[in-house]
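Protein chains in written order, with the numbering used here: chain A, 59 to 365; chain B, 59 to 365. Note that CB positions come from ideal geometry on N, CA and C, so glycine has one too. Read the structure below first, then the notes.
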């Protein structure tokens, strides 16, 4: 099973399901990024994983749908509406479906499973919680904003002083999350942002304790290569929040829950520091330039567990 | 000023603004049909009037937008979602805008004015109320459904035993509604369904009394021609709810609030019955086959007042 954020995790998972039976894969997705916009319930990380595993994601961006049009957004711009979060016409259907089902009393778990089934996924995707658990971003300016306001609207360009995970801490895990963690042969922490994608999942009530108990079975993949995030602001955020923006910094964050860290060849020189942080270091090529590369990385992760 | 439902009213109003200064026209729109679908706040009648006066309505249906695409609905169908209310991709922008603004604390009046301004309307469009006032439809089967469930989803094919306007009765008129009624030189009851479009406006707290006081200044246009509604189920509904499905039946409903009824040449033989019902009868061609025909009808309505 795997803990997943958005684009990086989705790419890794698309590789994983090429080397193991997808029906045996359970993914727990971050919902700390979820938000309501124009009245629609939007779950960006769950959708990115779903679209990618369904093979319908936009290959250029990694999020959204391939062959997407933006007629609704273009019309919304003409009306003077908020259009900073670009919802494609086909993607809108996902949010309309989710919002309608939630209003009818379905849980986010239900909806996530229904969307996955409709798109033909064999892997099981669970939200970390069925309860809203929005990550609150405190900017260095003193302002507090939602995650998507920080991440998309302001293009993660402003320094962050704190990520408040109190809502996640107050949320119960979705049905199946703890059981999946307890029973999995292997727990993978996907190459996602440790602070904004993985930390909210860890914060959900009861999850960190189960993760710690499964430490020996857990392999994390560093999202930081040569001190740089492959996408997003993970490197900057690590520095702003007092961590080292390196595989070593990642190892210090993951040491309580994972025995093994897979890091990039570019960081081979950090293997000793990673081991000093308490994690076994496995060095390989972690940059997923192609589905084949993602599958090769997944193979290394599987082997890292079995060693 | 005018009381308006959807397509029939919009066509008439498009004619009216060709013969009078649109800046002097105030339209009070029915919101008894409003509903929330997929989390979106939808105001079908307000949108139909706005789109038509802006010249962007679909000329074939009278509702929705010209040149519309339905990519979101097609995707929603593939997901197994509710797609009986066809929201076009461009039309979706209107509902996204409205829902977002309402969530931000704007009133429906604010939003309606903003949409009208964005689409270049010169006429003023007011919702009958800023408070939700959904018409509740009691079916003869004993079931109670929302108006759109009855009208669109079930294609108004099931007999109705009662239209419950209690929510409208509990709603306060939107700012400007009573003043517009009180100050207008002419009040037009557009050719709309008397029971589902005009009755909800009349039911809003305080409106009927002001309408009754402006009776001499009020001209209604019969939506029933030769016993048949030009569109929608007005004829059937009139019968089901104990009224006569004719210009005479319409006259009996409107006599308390309007001195004059404009009826179609096909119904010239009913003029005496209309007068017996207490309304002055003005006979003309009421079928708006073209914008010119709508303008001609508007001219007759203007003259009917000035007589």
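If you measure from the beta carbon of residue i to each beta carbon in chain A, is any gap under 7 Å?
i: residue 208 of chain B; result: no
i: residue 253 of chain B; result: no
i: residue 155 of chain B; result: yes
i: residue 127 of chain B; result: yes
i: residue 137 of chain B; result: yes
i: residue 158 of chain B; result: yes
Write down the C-beta distance between residue i and residue j rounded to the nearest angstrom, noting that I regard them as a contact closer than 8 Å.
i: residue 72 of chain A; j: residue 349 of chain A; result: 6 Å
i: residue 296 of chain A; j: residue 309 of chain A; result: Contact doesn't hold; Cβ gap of about 12 Å is too wide.
i: residue 85 of chain A; j: residue 115 of chain A; result: Not a contact, Cβ separation roughly 15 Å.
i: residue 108 of chain A; j: residue 177 of chain A; result: 6 Å
i: residue 134 of chain B; j: residue 151 of chain A; result: 4 Å
i: residue 145 of chain B; j: residue 124 of chain B; result: Actually they do not touch by this definition, with Cβ atoms about 15 Å apart.
i: residue 328 of chain B; j: residue 306 of chain B; result: 5 Å
i: residue 193 of chain A; j: residue 63 of chain A; result: So it is not a contact: roughly 11 Å between Cβ atoms.
i: residue 157 of chain B; j: residue 228 of chain B; result: Their Cβ separation, rounded to whole angstroms, is 23 Å, which puts residue 157 of chain B and residue 228 of chain B out of contact at 8 Å.
i: residue 245 of chain B; j: residue 239 of chain B; result: 6 Å
At least one CB of chain B closer than 7 Å to the CB of residue i: is that the case?
i: residue 214 of chain A; result: no
i: residue 179 of chain A; result: no
i: residue 176 of chain A; result: yes
Which residues in chain A sit within 8 Å of residue i, going by Cβ to Cβ distance?
i: residue 61 of chain B; result: Per Cβ cutoff of 8 Å: no residues; residue 61 of chain B is ~26 Å from chain A at best.
i: residue 170 of chain B; result: Those do not exist, as residue 170 of chain B stays about 12 Å from chain A at its closest Cβ, beyond 8 Å.
i: residue 130 of chain B; result: 130, 147, 148, 150, 151, 154
Could you tell me if residue i is buried or exposed, where buried requires 16 or more neighbouring beta carbons within 10 angstroms of its beta carbon?
i: residue 299 of chain A; result: exposed
i: residue 278 of chain A; result: buried
i: residue 249 of chain A; result: buried
i: residue 97 of chain A; result: buried
i: residue 213 of chain B; result: exposed
i: residue 188 of chain B; result: buried
i: residue 220 of chain A; result: exposed
i: residue 117 of chain B; result: exposed
i: residue 304 of chain A; result: buried
i: residue 149 of chain A; result: buried
i: residue 264 of chain A; result: exposed
i: residue 121 of chain A; result: buried
i: residue 199 of chain A; result: exposed
i: residue 347 of chain B; result: exposed
i: residue 322 of chain B; result: buried
i: residue 147 of chain A; result: buried
i: residue 92 of chain B; result: buried
i: residue 211 of chain B; result: exposed
i: residue 180 of chain B; result: exposed
i: residue 215 of chain A; result: exposed
i: residue 113 of chain A; result: exposed
Applying a beta-carbon distance threshold of less than 7 Å, which residues of chain B neighbour residue i?
i: residue 112 of chain A; result: Per Cβ cutoff of 7 Å: no residues; residue 112 of chain A is ~11 Å from chain B at best.
i: residue 183 of chain A; result: Going along chain B, no residue has its Cβ under 7 Å from residue 183 of chain A, so there is no contact; the nearest lies around 15 Å.
i: residue 173 of chain A; result: 137
i: residue 161 of chain A; result: 97
Going along chain A, which residues have a C-beta under 7 Å from residue i?
i: residue 133 of chain B; result: 148, 151
i: residue 140 of chain B; result: 158
With 8 Å as the C-beta to C-beta threshold (strictly closer), list the residues of the region 80-101 of chain A near chain B in chain order.
Shown in chain order are the members of the region 80-101 of chain A whose Cβ falls below 8 Å from a Cβ of chain B: 94, 95, 96, 97, 98, 99.
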